[in-house]
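S.K.: Numbering (my numbering), first residue to last: 1438 to 1704.
1) Confirm, please, whether the CB-CB distance from residue 1555 to residue 1590 is below 8 Å.
2) Going by DSSP, what residues sit across from residue 1447 in a beta bridge?
3) Does the structure place the segment 1451-1462 close enough to the segment 1477-1496 that three or more beta carbon pairs sit under 8 Å?
4) Is residue 1494 helix, strand or coil by DSSP?
5) Taking a contact to mean a Cβ-Cβ separation below 8 Å, would you say residue 1564 touches residue 1587 in this structure?
6) Drop a sphere of 10 angstroms on the beta-carbon of residue 1639, count the other beta-carbons inside from all chains shown, and report buried for 16 or more, exposed for fewer.
7) Give every residue of the same chain whose Cβ lies closer than 7 Å to the Cβ of residue 1579, excluding the five residues on either side of it in the sequence, and list them in chain order.
8) By a C-beta neighbour count over all protein chains shown, 10 Å radius and 16 as the cutoff for buried, is residue 1585 buried or exposed?
9) Distance check for residue 1446 and residue 1394, CA to CA, integer angstroms please.
10) Please tell me whether residue 1499 and residue 1571 are closer than 8 Å, where the distance is taken between their beta carbons.
11) Report whether the distance from the Cβ of residue 1486 to the nearest heavy atom of the ligand ZN is below 7 Å.
12) Determine, using beta-carbon pairs with one atom in the segment 1463-1478 and one in the segment 1657-1669, whether at least three such pairs fall under 8 Å.
13) Taking three-plus beta-carbon pairs below 8 Å as touching, is the segment 1647-1656 in contact with the segment 1592-1609?
14) Give the list of continuous alpha helix (DSSP H) stretches no shorter than 4 residues that lie fully inside the segment 1587-1631.
15) Would you mind sorting residue 1714 into buried or exposed? The rule is 16 or more other CB atoms within 10 Å of its CB.
16) Give the DSSP bridge partners of residue 1551, in chain order.
17) By a C-beta neighbour count over all protein chains shown, 10 Å radius and 16 as the cutoff for buried, is residue 1623 buried or exposed?
18) Given this structure, state the Cα-to-Cα distance separating residue 1681 from residue 1675, to the nearest angstrom.
19) Hey, quick one: how far does the beta strand (DSSP E) through residue 1510 stretch, first residue to last?
20) Determine, using beta carbons only, whether residue 1574 and residue 1552 come nearer to each other than 8 Å.
21) So, under 8 Å CB-CB, residue 1701 and residue 1645 are touching, yes? Tell me the CB distance rounded to an integer number of Å.
22) Hey, how far is the Cα of residue 1620 from the Cα of residue 1679?
23) In the DSSP assignment, the alpha helix (DSSP H) including residue 1659 goes from what residue to what residue?
24) Out of 1505, 1550, 1537 and 1603, state which residue places its alpha-carbon closest to the alpha-carbon of residue 1613.
25) Output needed for residue 1539: all residues of its chain with C-beta closer than 7 Å, excluding positions within five of it in sequence on either side, in chain order.
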């Protein structure tokens, strides 16, 4: 996938870190049918690409994403049949599945507007770094829809708690950056001119780690949502035993014995 050309979003891959962003800054980076589908396919392919170790989903022009484009998506949806609508909502949900199952840690770097499907992309990421200007809203009820979109009712409560998630999903109001940080949605707040460098720093540090171990960690974080404690403990025992067979585990041991920093290779 090394610097594979993309048509409907920007993508740059350097030193194992893929940086992607939507590219309509003049409209605060809305999603279209095409960008939804291409992002879904890109994250699906990422699962099979060992050259990418971590992903930064970046902002562009001072904003993250304004959700589905009013003219390119919302308007056409009002004219679709039920079958066509279900195909669309399943496709958007497939983007979340692809992010969750891509096998690589995903860091959302959030500036400015982050609403609707944009808020969902941030939610589906593993880590979220934001600026004080970030405004996040799950505004589906404000356009006459349910708050249960693209996994929001399953994932958001696990991040910020049931009551806070219910408030945001019922009202569609904006969550300020300070609220998001206090509630655990944002891992860190940084100034706008530091956002890109901070997100890249986190991604590079993760990319330098044991990438097979990171893949197993992400897999367990997703799968254990539906497991009992007993099932989770057994699943983690199996996952950790598999990781103990990797060369990275042996490298870490020898580095520790020799009082050196381990150099992981992901195998």
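Every residue gets a Cβ at the ideal spot worked out from N, C-alpha and C, and that includes glycine.
M.R.: Answer, in terms of the structure:
1) no
2) 1458
3) yes
4) strand
5) no
6) buried
7) 1609
8) exposed
9) What is shown of the chain runs 1438 to 1704, which leaves residue 1394 out entirely.
10) no
11) No copy of the ligand ZN appears in this structure; indeed no ligand is present at all.
12) no
13) no
14) 1589-1597, 1599-1608 and 1614-1620
15) No answer is possible for residue 1714: it lies beyond the span of the chain, which begins at 1438 and ends at 1704.
16) 1502 and 1573
17) buried
18) 10 Å
19) Here residue 1510 belongs to no beta strand (DSSP E), and DSSP marks it neither H nor E.
20) yes
21) 7 Å
22) 34 Å
23) 1648-1660
24) 1550
25) 1480, 1483 and 1484
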